[in-house]
């Protein structure tokens, strides 16, 4: 019984539905035809040769030997199950078709277009060769879209005697049976969403070629044919106009009207556009689109999905010897898998005995050209039925079955399943109601994606007011919760979490729009949402907006100051550059005064903190010098630096920036150097060489450590959001600059003091910092001294370089181990029970195996501990010997002596690689010849120090022996 609509305009909508239904095409959903024997051209198969036809059994067996069992798709997986699909297949790459096949396929494509009612050119791409032997079949399924623009399948049944194997195609309530055994050769075609099956072959071999049918994407959508009767179009135009006139005003008291029209075919989300529609769907929608454009109506297309959860019957399988819960045998087509070859099958569809929950959503809503407008758009209860033109009690009663999630028997709980059904609709919406339709029920992700559409409308005078209201609504929905910790997820159409991804480009478009239209409150609200997520581009927009006469900067300066100051001091300088420094010819005086009075003092105050970083030192000096004079620097900034000398990276960066600006003439040279020298001295007096770290070393240490427990891992993830002690991170260039600046301004005593500090403390430096900080420092020091014309043979620099490299070899590389077998020093496990104490003693000893006789519970505990730490302790669980059923054998698998030798070889190779990066001539001068030979040869680290020099690796330009030849020069006769 049809449902009764409460809408008083039901007759108008029925007239509109009738007008669409009466638009027909001459095409069908499937077709079958005999073809001439002369159309079957030669076919060759790799490793078999040319195949004579009709196909004989011996040749068929040869083909099967080269083929594989064809799979089928079920949900998102692919299976081989001969009870569902019993077919042999060969890939197109295994086939060699005669060039004359092209003309046969061309004729077939023309026939396909005529039979299926397609006016655009049709192309066919060879996909598979299939062989169905006796008993072969393929249960009901639908085809997957395997190539762009694919709309259907073409099968050419090649000459081969067989019985059975009928092709049965079904769409809606119409079924067709194509008897390929009676018509040979023959061809058949059908649309991708048509359910079809191959009945069992009773004798012989069914031999076919399959093609994927497509319409090239660049082809224009086929227009309705000239045979379309004018009265049908007039009826559609009249019915649409009558519906529009029946709609009330678009205001808050009247819900905007829209309609759904169910299409004949079902389309995938990836292939949804007017171009991809089939048969009558395309003809009707093209007519409707043309009329909609004249009536100020928008036509959209959507894939609608129903997700339904319910209880199922508990069906016992008598053939199951283990008493497992079985399934019914109702055949069903299912959603296609991208990996399946010929579609999707599901014999395990479970009907509901009661419905628990039902959700309906538009999975994807597109314009007629396929552009996405919305995804995961939830429909409220009754919305689809109330607005569907067709008069159906259940709009999904003929919908394509999708996926199924079946729980099976779980003991106390009943058997349940979730079903998904899909269908495709056209959505008819008056233009003035489109915006309200698109934004309803938006998630944060949806709202953000919709914003660009309405931001563009804000520039149009006719739509500015209404668009700005929607923009304000969408922005609040997109960002107010998702960027403030109250909602980390958007939710998709299936109700599953869909992580929200902030789109900086859209946010900047929004800021530009609100600034352009002087929406100061909206701008301040956005700053509360975005905080530090938008960088310099935001402040460039502010600068451009403030340059216009009508812009009132005072309306936003307070919120802008709070937002800017929430960045690091180093980043604040970048943002002030974007706003325009006083030296910028296009700077805004009002903004400059605001920055000098508000931002600079706040930045100086921020530098008093305990964790101010290295980059903030140069940034705060550049900031103060940009907005104020040296007196301000002396009275406001210098005291802060003096109090922070223990933070070596920050203080050193700040004072070196002051010296740099003095030498460049930005600051008064004499006055600045007078301020800086005591600062440098204080920094060097307080420097703790061992505490200086690089971010790279901290990252390497973090990545190399492995958490031993799950909670340790969780803690590491939480702590990884910030590095430990970032205030002590420094880079080798800053240390090098300290030496060169001191030499440049004549502070040799301070350079000497720093060298002595390095020599005294280098032994306390963590070994991993040599690769990241101290060896790069020595390399840069050579280049810097050479550029400054400072002799590399200067004693203080020689002493520092020798100390760094010698300590590096001692701490990082170490003495070469003997390599003798050693199984000690492994473990320990973390448990302190009596059994694990004995286990740890074994792991620490040189003993190779350990037999542990105990109860099963104790054995399992020890086994768990060893297995849990097997990567770190390098032990394996041995098999229990016969006759000793209560004994667990733990065997060490790794020789720690050999392991130690391999580790040393790796460290030696790393050191060698570090030394090769130096200019050898200059390194020899810096170290002195004797120390250069000792350090770079690393001979003193060898276990066997009696080996010849010729057996050692040599650095580029270094002689084989340890003679006194300058690297890179040949010994002359006079030498």
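Residue numbers (UniProt numbering): 1 to 975. Even for Gly, the Cβ is constructed at its ideal location relative to N, Cα and C.
Item, Value
"Just to confirm, is the Cβ distance from residue 98 to residue 140 under 8 angstroms?", "no"
"Under DSSP, the alpha helix (DSSP H) around residue 775 begins and ends at which residues?", "775 to 787"
"With DSSP collapsed to three states, give me the class of residue 460.", "coil"
"Starting from the Cα of residue 151, find the closest Cα among 267, 38 and 257 and give me that residue.", "267"
"For residue 585, count neighbouring Cβ atoms within 10 angstroms of its own Cβ and tell me buried if that reaches 16, exposed if not.", "exposed"
"Spatial neighbours of residue 850 within its chain, please: CB distance less than 6 angstroms, with the 5 preceding and 5 following residues excluded, ordered by chain position.", "842 and 890"
"Using three-state DSSP, classify residue 267 as helix, strand or coil.", "coil"
"Can you give me the C-alpha to C-alpha distance between residue 311 and residue 358, rounded to a whole angstrom?", "13 angstroms"
"Quick one: using the 10 Å Cβ neighbour count with 16 as the cut-off for buried, is residue 40 buried or exposed?", "buried"
"Between the segment 85 to 99 and the segment 169 to 177, can you find at least three pairs of beta-carbon atoms closer than 8 angstroms?", "no"
"Consult DSSP for residue 688 and reduce its assignment to one of helix, strand or coil.", "coil"
"Based on DSSP bridge pairs, tell me the residues matched to residue 203.", "163"
"Can you give me the Cβ contacts of residue 424 inside the same chain, cut-off strictly under 6 angstroms, excluding the 5 residues immediately before and after it?", "263, 266, 267 and 303"
"Apply the 10 Å Cβ neighbour rule to residue 356 and answer buried if 16 or more other Cβ atoms are within range, or exposed otherwise.", "exposed"
"Could you check where the alpha helix (DSSP H) with residue 729 kicks off and where it finishes?", "Per DSSP, residue 729 belongs to no alpha helix (DSSP H) and is neither H nor E."
"Could you tell me the alpha carbon to alpha carbon distance between residue 866 and residue 137, rounded to whole angstroms?", "53 angstroms"
"Counting along the chain, where does the beta strand (DSSP E) carrying residue 299 start and finish?", "297 to 312"
"Can you grab the Cα-Cα spacing for the pair residue 696 / residue 122, in whole Å?", "58 angstroms"
"Residue range of the alpha helix (DSSP H) that residue 436 falls in?", "434 to 439"
"Which first and last residues belong to the beta strand (DSSP E) in which residue 34 is found?", "30 to 34"
"What do you get for residue 847, buried or exposed, if any count of 16 or more other CB atoms within 10 angstroms of its CB means buried?", "exposed"
"Considering only C-alpha positions, which residue in the set 910, 620, 701 and 776 is nearest to residue 661?", "620"
"Would you check if the segment 185 to 192 and the segment 148 to 164 touch, i.e. whether three or more CB-CB distances between them fall below 8 angstroms?", "yes"
"If you pair each beta-carbon of the segment 286 to 306 with each one of the segment 362 to 379, do three or more pairs fall below 8 angstroms?", "yes"
"On the CB-based measure, 16 or more other CB atoms within 10 Å of its CB, does residue 422 come out buried or exposed?", "buried"
"Taking all protein chains shown into account, do 16 or more other C-beta atoms lie within 10 angstroms of the C-beta of residue 442, making it buried, or fewer, making it exposed?", "buried"
"On the DSSP letters alone, give me the boundaries of the alpha helix (DSSP H) that residue 109 sits inside.", "101 to 116"
"For residue 138, which residues does DSSP report across the bridge?", "85 and 198"
"Between which residues of its own chain and residue 12 is the CB-CB distance below 6 angstroms, once the five residues before and five after are set aside?", "242, 243 and 246"
"Run the CB neighbour count on residue 430, radius 10 Å, all protein chains shown included, and call it buried at 16 or more, exposed below.", "buried"
"Going by DSSP in three states, residue 834 sits in which element: helix, strand or coil?", "helix"
"For residue 14, which residues of its own chain have a beta-carbon under 6 angstroms away from its beta-carbon, when the five flanking residues on both sides are left out?", "none"
"Kindly list the residues whose CB is nearer than 7 angstroms to the CB of residue 147, restricted to its own chain and excluding five residues on each side of it in sequence; keep chain order.", "125, 212 and 214"
"Could you check whether the segment 510 to 524 touches the segment 464 to 474, counting it as contact only if at least three pairs of C-beta atoms, one from each stretch, sit closer than 8 angstroms?", "yes"
"Quick one: Cα of residue 666 to Cα of residue 935, how far?", "44 angstroms"
"Please return the same chain residues whose Cβ sits closer than 7 angstroms to the Cβ of residue 199, not counting the five positions on each side in sequence.", "137, 164, 165, 166 and 168"
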